[in-house]
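Engineer:
Chains as they are written, first to last, in the numbering used here: chain A, 211 to 322; chain B, -2 to 111.
1) Take residue 60/B as the anchor and find which of 75/B, 46/B, 52/B has the nearest alpha-carbon.
2) Here's the rule: buried if 16 or more other CB atoms are within 10 angstroms of the residue's CB, otherwise exposed. What is residue 279/A?
3) Give the C-beta separation of residue 258/A and residue 272/A to the nearest angstrom, bearing in mind that I take them to be a contact with Cβ-Cβ under 8 Å.
4) Does the ligand ZN have even one heavy atom less than 8 Å from the beta-carbon of residue 317/A?
5) Run through chain B and tell me which residues come within less than 9 Å of residue 277/A, C-beta to C-beta.
6) Residues of chain B with CB under 7 Å from residue 303/A, in chain order?
7) Can you tell me the Cα-Cα spacing of residue 70/B and residue 227/A, whole angstroms?
8) Would you list, in chain order, the members of the stretch 42 to 63 of chain B that have their beta-carbon closer than 7 Å to a beta-carbon of chain A?
9) Residue 294/A by DSSP, collapsed to three states: which one?
10) Report the residue from 13/B, 33/B, 2/B, 45/B whose alpha carbon sits nearest the alpha carbon of residue 19/B.
11) By the 10 Å Cβ neighbour count, where 16 or more other Cβ atoms means buried, how is residue 298/A classified, buried or exposed?
12) Considering only their Cβ atoms, is the gap separating residue 213/A from residue 242/A smaller than 9 Å?
13) Suppose the cutoff is 7 Å on Cβ atoms and the five residues either side in sequence are ignored; what does the same chain contact list for residue 248/A look like?
14) Just mark residue 316/A as buried or exposed, buried being the case when its beta carbon has 16 or more other beta carbons within 10 Å.
15) Return the chain-ordered list of same chain residues with a C-beta closer than 8 Å to the C-beta of residue 219/A, the five sequence neighbours on each side being excluded.
So, in structure tokens, the structure goes:
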């Protein structure tokens, strides 16, 4: 049973525009959320995270929004750049747990 | 600088062979993980370990076993490789405990079983 879902397998965006990647979760006990970025033939790398006590976290061009009542989070990339083309995974965890639950990923293509 | 290394980037094995995938981390992390990544299925946890000689089954442990004899090293073993185990295998490590959720990944091993 997939507890973290990314319903869009792919997304294409023009360079300079906003990219919005979405993630939904079912477990209300999740209280920490992360986004990872993965290039082909490389391991995922950590991008940005958010705790459930916040509803927004920003790091440069990347902002993550959390809507706890909707069990939904999103990653905004502004402005999008061709180097952002990658697969993005969202992940979730609960306090005290040592493992993460990953979504299925969204492939972002930024068109120059 | 955080580093997780995996023994091979690409591996081709025959059905029925015993396969060892090795992972080493240099961050003194307590937790280590093995995932496989398949298109449309994301990252699925095979096994993880939170201490030497300790292991926990993940979501898809069937057909796999693991070994952790030293803190820095975590091995994934395919006892008798099958074609449905063709996949990208990713190792990760993290600190133990609340608030230390970030996992650091190795570059992956692309395994093909023929």
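The beta-carbon is built from N, C-alpha and C at its ideal position, and this holds for glycine as well.
Structural biologist: From the atom records:
1) Taking the first residue of the second chain as 1, we reach residue 60/B at position 63. Comparing Cα positions, the closest option is 75/B.
2) Position 69 of the first chain holds residue 279/A. Its Cβ having fewer than 16 others within 10 Å, residue 279/A is exposed.
3) Against the first chain, residue 258/A aligns to sequence position 48. Against the first chain, residue 272/A aligns to sequence position 62. Sure, about 5 Å apart at Cβ, within 8 Å.
4) The model on display carries no ligand, and the ligand ZN is accordingly not part of it.
5) If you number the first chain from 1, residue 277/A lands on position 67. None at all; the shortest Cβ gap to chain B is about 20 Å.
6) Locating residue 303/A in the first chain gives position 93, where the first residue counts as 1. Neighbours of residue 303/A on chain B, chain order: 98.
7) If you number the second chain from 1, residue 70/B lands on position 73. If you number the first chain from 1, residue 227/A lands on position 17. In a straight line, the C-alpha of residue 70/B is about 43 Å away from that of residue 227/A.
8) 42, 45, 47
9) Translated into positions along the first chain, residue 294/A becomes position 84. In the structure shown, residue 294/A sits in a helix (DSSP, three-state: H, G or I).
10) Residue mapping note: residue 19/B aligns to position 22 of the second chain, counting from 1. It is 2/B whose Cα lies nearest to the Cα of residue 19/B.
11) Taking the first residue of the first chain as position 1, residue 298/A is located at position 88. Looking at its Cβ environment, which holds 16 or more other Cβ atoms inside 10 Å, residue 298/A is buried.
12) Taking the first chain and counting its residues from 1, the one referred to as residue 242/A is at position 32. Taking the first chain and counting its residues from 1, the one referred to as residue 213/A is at position 3. Result no, Cβ atoms of residue 242/A and residue 213/A do not sit closer than 9 Å.
13) The sequence position of residue 248/A within the first chain is 38, counting from 1. Taken in chain order, the residues that qualify are 254, 296, 297, 299.
14) Residue 316/A sits at position 106 when you count from the first residue of the first chain. Residue 316/A comes out buried.
15) As a working note, residue 219/A is residue 9 in the first chain. If we look at residue 219/A and ignore the five residues flanking it on each side, its Cβ neighbours are 314, 315, 316, 317.
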